[in-house]
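The sequence shown begins at 1 in UniProt numbering and counts up one residue at a time.
To start, the structure under review is shown below, and the notes come after it.
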Amino acid sequence: MTKCPRCFTALTGDRYAWTAVAPTDVEVDDVATKYHGSPVRSGKIFELQRPADAADDWAPEDDYATGKAGGPAVEVCPQCHFRLPVGWRDGRAACIAMAGARATGKTVYIAALVKTLQLLGERLNRVVEPATGETEVNFREHYERPLFEERGILESTPASHTGNPYQREPLIFSLGPGLRDDTRQYLVIRDVAGEDLENPGNVDATHMQFFAQADGVVFMFDPLKVESVRQQLHDLVPAQERVGGDPRSVLRTVLSIIGTGTPNLAVVLSKFDALQALERVEGSDWSEIMSQRGAAFLRDPSLQRAPYHEVDGQLLHEEVRSLLDKLEARSMVMSVDQPPAGNALPSRFFAVSALGVSPVGDRLHDSGISPFRCLDPVRWILAQRGVWV
Ligand SMILES: Nc1nc2c(ncn2[C@@H]2O[C@H](COP(=O)(O)OP(=O)(O)OP(=O)(O)O)[C@@H](O)[C@H]2O)c(=O)[nH]1
Ligand SMILES: [Mg+2]
Ligand SMILES: [Zn+2]
Numbered sequence: 001m002t003k004c005p006r007c008f009t010a011l012t013g014d015r016y017a018w019t020a021v022a023p024t025d026v027e028v029d030d031v032a033t034k035y036h037g038s039p040v041r042s043g044k045i046f047e048l049q050r051p052a053d054a055a056d057d058w059a060p061e062d063d064y065a066t067g068k069a070g071g072p073a074v075e076v077c078p079q080c081h082f083r084l085p086v087g088w089r090d091g092r093a094a095c096i097a098m099a100g101a102r103a104t105g106k107t108v109y110i111a112a113l114v115k116t117l118q119l120l121g122e123r124l125n126r127v128v129e130p131a132t133g134e135t136e137v138n139f140r141e142h143y144e145r146p147l148f149e150e151r152g153i154l155e156s157t158p159a160s161h162t163g164n165p166y167q168r169e170p171l172i173f174s175l176g177p178g179l180r181d182d183t184r185q186y187l188v189i190r191d192v193a194g195e196d197l198e199n200p201g202n203v204d205a206t207h208m209q210f211f212a213q214a215d216g217v218v219f220m221f222d223p224l225k226v227e228s229v230r231q232q233l234h235d236l237v238p239a240q241e242r243v244g245g246d247p248r249s250v251l252r253t254v255l256s257i258i259g260t261g262t263p264n265l266a267v268v269l270s271k272f273d274a275l276q277a278l279e280r281v282e283g284s285d286w287s288e289i290m291s292q293r294g295a296a297f298l299r300d301p302s303l304q305r306a307p308y309h310e311v312d313g314q315l316l317h318e319e320v321r322s323l324l325d326k327l328e329a330r331s332m333v334m335s336v337d338q339p340p341a342g343n344a345l346p347s348r349f350f351a352v353s354a355l356g357v358s359p360v361g362d363r364l365h366d367s368g369i370s371p372f373r374c375l376d377p378v379r380w381i382l383a384q385r386g387v388w389v
């Protein structure tokens with residue numbers, strides 16, 4: 001069973017919906033509008049429920065949809081009316097939602113992640129590419145070009161109530177056929193604006209409910225938000241202008257949105273290059289921690305071919321847990337272990353650096369981008385979903 005790439009609701013064999021490929025009449029679609037967060041217009045939606053007395057192998061008749069639509073039809077998600085990519089139900093997708101305060105590095109991470117996934121794909125003999133035209137344009141315009149071509153840092157992701165929030169559309173990447181069978185594999189990522197998660201009023205918003213249905217939530221924690229780290233880094237790396245809100249309250253909001261959902265929760269210490277730079281602060285306790293030989297957080301095995309490396313992952317998990325303690329983030333670790341609502345989620349701690357080195361003002365460092373451990377959180381989630389294992 002796979003999920004809708006927008007609302008992440010499971011697509012079961014009991015409910016189907018279609019619309020005409022080129023509808024003649026379009027009007028405001030209340031359902032799609034709620035899930036999208038701003039007005040969406042659609043053609044008429046034709047729904048079909050499995051009849052109560054249907055046989056086990058029941059499926060819609062081949063020409064049911066075209067008959068209803070009076071011409072070519074496209075399948076849409078019965079829950080949110082998102083147009084499903086061709087053959088979507090036959091594939092296997094891992095659906096991931098990004099989370100974190102403003103400027104924690106979510107958007108830059110996605111850009112670096114996709115590049116690193118492509119490298120891993122080459123080793124696995126798989127092509128990683130946008131699965132839809134929308135993803136191709138969206139990824140190029142908002143991630144790839146600003147970062148890799150213009151070599152600038154990215155703008156804040158626009159809040160969902162403003163002009164053109166590109167993150168309302170999911171990023172859908174095809175990962176090629178499976179490693180053990182021919183099922184097409186996909187990775188769906190939904191970027192979010194930290195601003196939207198810093199607003200607790202969004203807990204009940206329908207357009208945020210994909211968090212509850214996600215296979216994985218990647219929650220980013222920015223070490224530069226910690227005053228003592230910022231002070232020690234003072235002369236070592238350029239200060240960053242954009243600063244986000246309180247990570248603890250964002251985590252609370254995210255956990256409330258998830259409610260009784262059961263995604264895997266990856267808690268990620270982002271901008272790890274900044275902490276690594278602390279090695280150079282002579283005589284400080286951070287310099288001692290960051291120069292420990294043999295620490296998992298100082299090596300990056302994520303491009304190794306084998307599936308997600310469980311032993312390395314657990315080692316890193318314990319190390320990052322103690323780093324978070326040191327970063328005065330113990331209360332965050334506690335709310336992961338004992339969430340306010342529902343049961344503790346399957347969770348793991350990670351450390352990543354999307355850029356590899358600190359940017360200088362609003363430009364990337366001259367040495368370019370060298371992502372560090374970016375694949376780990378996603379490979380952990382993919383492994384739980386049986387994608388690329
Ligand atoms: N040193 C360092 N800085 C980073 C890294 N990744 C991102 N940054 C910095 O953090 C800033 C914010 O990154 P974004 O990816 O735009 O943050 P975001 O979480 O998407 O922010 P919103 O869209 O506002 O929610 C960037 O402009 C960079 O300056 C990293 O790996 N290392
Ligand atoms: Mg962003
Ligand atoms: Zn949907």
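Built from N, CA and C at the ideal position, the CB exists for glycine as well.
{"query": "For R230, name the three-state secondary structure that DSSP assigns.", "result": "helix"}
{"query": "With a Cβ-Cβ cutoff of 8 Å, do residue 438 and H207 count as a contact?", "result": "Because the chain in this structure spans residues 1 to 389, residue 438 falls outside the shown range and cannot be described."}
{"query": "Comparing the CB of T157 with every heavy atom of ligand 2, is any distance shorter than 7 Å?", "result": "yes"}
{"query": "Pick from V40, A103, Y186 and I381: whose alpha carbon is nearest that of R168?", "result": "V40"}
{"query": "Our contact map puts A341 next to G259 with C-beta atoms below 8 Å; I'd like the distance itself, whole angstroms only.", "result": "6 Å"}
{"query": "Determine the DSSP secondary structure at E47, reduced to helix, strand or coil.", "result": "strand"}
{"query": "Which residue from Q209, G152 and K271 puts its Cα closest to that of F221?", "result": "K271"}
{"query": "Considering only the beta carbon of each residue, do C77 and D215 sit closer than 8 Å?", "result": "no"}
{"query": "Name, in chain order, the residues that DSSP records as bridge partners for W18.", "result": "F46 and E75"}
{"query": "Could you pull out every residue in the same chain whose Cβ sits closer than 7 Å to the Cβ of V360, ignoring the five residues on either side in sequence?", "result": "P238"}
{"query": "What is the residue span of the alpha helix (DSSP H) that M332 lies within?", "result": "R330 to D337"}
{"query": "Which same chain residues end up closer than 7 Å to V26 when comparing Cβ atoms and leaving out the 5 residues on each side of it in sequence?", "result": "R41, S42 and G43"}
{"query": "Could you check which residue in T33, R379, A10 and L11 has the C-alpha nearest to that of A205?", "result": "T33"}
{"query": "Would V336 and V267 qualify as a contact pair, given that the criterion is a beta-carbon distance under 8 Å?", "result": "yes"}
{"query": "Does ligand 2 have even one heavy atom less than 7 Å from the beta-carbon of K106?", "result": "yes"}
{"query": "Can you check which of these residues, A54, P85, R83 and E47, is closest to G67 by C-alpha distance?", "result": "E47"}
{"query": "Is the distance from the Cβ of A101 to the Cβ of Y143 below 8 Å?", "result": "no"}
{"query": "Can you check whether the CB of A354 is closer than 8 Å to the CB of Y109?", "result": "yes"}
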